[in-house]
Amino acid sequence: MNFEPTEIQTLLRESAERLARDRFSYLDRLPAFTADVEAIDEDWAAIAELGVPGILVPEAYGGIGGTLHDIMPVLEVFGAACVFEPVTATAVVGAGLIDALGSAEQKARLLPQIAAGSLRVALASAERHSRYRLDHVETAASQGALTGVKTLVFGGATADLFIVSARDSDALLSLFLVPRNAAGLDIETWRNIDLSGSCDLTLTNVAAERLGEPADGLAELERATDRAIAALCSEAVGAMSALNEITLEHLRTRHAFGKPLGSFQVLQHRMVDMVVMTEQARSIAMLAADRAEADDPVASARAASAAKVQVGESGRYVGEQAVQLHGAIGITLEHPVSYFHKKLAVIDRLFGDVDHHLERYAVASGY
Numbered sequence: 031m032n033f034e035p036t037e038i039q040t041l042l043r044e045s046a047e048r049l050a051r052d053r054f055s056y057l058d059r060l061p062a063f064t065a066d067v068e069a070i071d072e073d074w075a076a077i078a079e080l081g082v083p084g085i086l087v088p089e090a091y092g093g094i095g096g097t098l099h100d101i102m103p104v105l106e107v108f109g110a111a112c113v114f115e116p117v118t119a120t121a122v123v124g125a126g127l128i129d130a131l132g133s134a135e136q137k138a139r140l141l142p143q144i145a146a147g148s149l150r151v152a153l154a155s156a157e158r159h160s161r162y163r164l165d166h167v168e169t170a171a172s173q174g175a176l177t178g179v180k181t182l183v184f185g186g187a188t189a190d191l192f193i194v195s196a197r198d199s200d201a202l203l204s205l206f207l208v209p210r211n212a213a214g215l216d217i218e219t220w221r222n223i224d225l226s227g228s229c230d231l232t233l234t235n236v237a238a239e240r241l242g243e244p245a246d247g248l249a250e251l252e253r254a255t256d257r258a259i260a261a262l263c264s265e266a267v268g269a270m271s272a273l274n275e276i277t278l279e280h281l282r283t284r285h286a287f288g289k290p291l292g293s294f295q296v297l298q299h300r301m302v303d304m305v306v307m308t309e310q311a312r313s314i315a316m317l318a319a320d321r322a323e324a325d326d327p328v329a330s331a332r333a334a335s336a337a338k339v340q341v342g343e344s345g346r347y348v349g350e351q352a353v354q355l356h357g358a359i360g361i362t363l364e365h366p367v368s369y370f371h372k373k374l375a376v377i378d379r380l381f382g383d384v385d386h387h388l389e390r391y392a393v394a395s396g397y
């Protein structure tokens with residue numbers, strides 16, 4: 031694996047850093063944390079103008095035609111900023127599934143809209159009793175209409191189009207396209223503690239368009255989830271890096287007993303441990319992205335689950351240490367440490383927590 035960034039990856043990172051400084055600093059977006067949920071102002075247009083939604087979209091449909099490794103530097107930058115727009119949900123999961131399963135007509139119709147930033151997509155695969163299992167689907171498809179309930183739709187609060195998993199009359203697990211304004215679709219939206227938007231869907235005889243040809247979509251759904259995990263791990267690495275930077279500056283400038291906090295050896299050791307945990311998370315996130323791009327579902331599952339476990343443990347450690355080293359101010363709304371700690375907590379639960387992925391890793395390894 032080549033760890034040196036390509037020219038396009040460097041340019042994408044630099045562009046994302048400029049955008050984050052100009053539009054997505056914590057102070058700029060602090061008012062959103064005290065606003066009504068419906069009044070929260072997202073800035074998807076700025077992200078779309080940068081071309082982020084089209085990084086993984088093939089060039090034939092107006093995108094860049096990049097790989098996960100190309101979008102991960104951008105996601106790491108966004109993870110270190112106050113970005114709660116559904117970048118991963120649309121640019122990685124939604125675009126990836128449509129490109130992998132969609133018919134020629136569906137790709138030609140939907141992918142250019144995603145690349146242009148005019149269409150936001152969310153995957154609705156979880157159900158009330160599924161517990162992260164993608165094959166536990168009770169939503170039924172009958173004669174092109176869906177009936178069922180989907181929960182915890184990541185990025186669903188502002189999605190224009192939902193990709194919904196359902197079983198047809200042959201018990202085949204397929205994916206269907208459901209527009210936000212579809213008749214019979216009830217949407218309950220909310221904001222997570224990091225202000226990322228999610229929703230629940232209740233579908234009552236909702237007319238839906240099958241994504242691609244009739245086929246078992248479980249394998250592609252698992253691949254999309256592995257790609258989403260790699261992307262989220264990159265966001266988590268960005269959040270951990272931000273916490274390290276903020277905490278290091280605090281230790282340099284805050285004094286106790288007439289000395290900078292950073293002069294105390296025990297605090298130096300804890301700061302080093304935070305950096306080590308972050309670098310471990312960064313390395314395994316890169317491995318997960320590399321395996322998700324290869325045509326080996328078992329290796330991809332193992333790498334994604336290993337990354338989710340390590341990033342979950344690293345994120346919890348870095349977040350808790352950053353809060354403790356800041357003292358009481360670290361849990362206040364006005365301080366960015368509290369935000370990044372919340373972001374890491376949300377990422378830890380998305381697409382499976384540590385316990386789920388320990389079990390998944392064991393199964394993928396043949397235990």
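Throughout, the numbering used here is defined as the position within the sequence shown, counted from one, plus 30. Even glycine gets a Cβ: it sits at the ideal position worked out from N, Cα and C.
Residue i versus residue j: straight-line alpha-carbon distance, rounded
i, j, result
"Phe206", "Val194", "5 angstroms"
"Val267", "Glu218", "30 angstroms"
"Leu49", "Ala76", "8 angstroms"
"Gly124", "Trp220", "20 angstroms"
"Asp66", "Leu60", "13 angstroms"
"Thr234", "Ala170", "10 angstroms"
"Thr36", "Arg43", "11 angstroms"
"Asp198", "Ala333", "31 angstroms"
"His371", "Val87", "32 angstroms"
"Leu80", "Asp73", "12 angstroms"
"Pro400", "Tyr369", "Not covered by the structure: residue 400. The range shown for the chain is 31 to 397."
"Ala212", "Asp165", "25 angstroms"
"Met307", "Ser155", "31 angstroms"
"Ile314", "Gln173", "44 angstroms"
"Val167", "Ala394", "21 angstroms"
"Asp58", "Asp71", "12 angstroms"
For residue i, the three-state DSSP class (helix, strand or coil)
i, result
"Asn235", "strand"
"His280", "helix"
"Val107", "helix"
"Ile70", "coil"
"Ala324", "coil"
"Cys229", "strand"
"Glu218", "strand"
"Ser293", "helix"
"Ala329", "helix"
"His285", "strand"
"Leu261", "The question names Leu, but residue 261 is Ala in the sequence shown. Helix at Ala261."
"Ala171", "strand"
"Arg163", "coil"
"Arg158", "coil"
Per-residue burial, residue i [other beta carbons within 10 Å of its own, 16 or more giving buried]
i, result
"His285", "exposed"
"Ala121", "buried"
"Arg161", "exposed"
"Leu363", "exposed"
"Arg253", "buried"
"Gln340", "buried"
"Asp378", "buried"
"Ala69", "exposed"
"Ser55", "exposed"
"Gly247", "buried"
"Ile85", "buried"
"Tyr397", "exposed"
"His280", "buried"
Whether residue i touches residue j by CB criterion (9 angstroms)
i, j, result
"Met270", "Met102", "no"
"Gln39", "Asp100", "yes"
"Arg390", "Ala337", "no"
"Ala152", "Val183", "yes"
"Ile409", "Ser344", "The question about residue 409 has no answer, for the chain in this structure spans 31 to 397."
"Ala322", "Asp256", "yes"
"Phe63", "Leu241", "no"
"Leu203", "Arg150", "no"
"Glu250", "Leu131", "yes"
"Pro290", "Arg282", "yes"
"Glu265", "Glu115", "no"
"Asp230", "Thr277", "no"
"Ile128", "Ala375", "no"
"Ala187", "Ala261", "no"
"Ser148", "Ala78", "yes"
"Ala237", "Ala189", "no"
"Ala111", "Ala272", "yes"
Span of the beta strand (DSSP E) around residue i
i, result
"Leu182", "Ala175 to Phe184"
"Phe192", "Leu191 to Arg197"
"Val208", "Leu203 to Pro209"
"Leu153", "Val151 to Ala154"
Interface flag, residue i vs chain C, CB-CB below 9 angstroms
i, result
"Ala331", "Protein chains in the displayed structure number just one, and chain C is not present."
Endpoints, the alpha helix (DSSP H) within which residue i is located
i, result
"Phe370", "Pro366 to Arg379"
"Ile94", "That residue, Ile94, is in no alpha helix (DSSP H); it is neither H nor E in DSSP."
"Ser45", "Glu37 to Arg53"
"Ala138", "Ala134 to Ala146"
"Glu389", "Val384 to Ala394"
"Asp129", "Ala125 to Leu131"
"Tyr56", "Tyr56 to Arg59"
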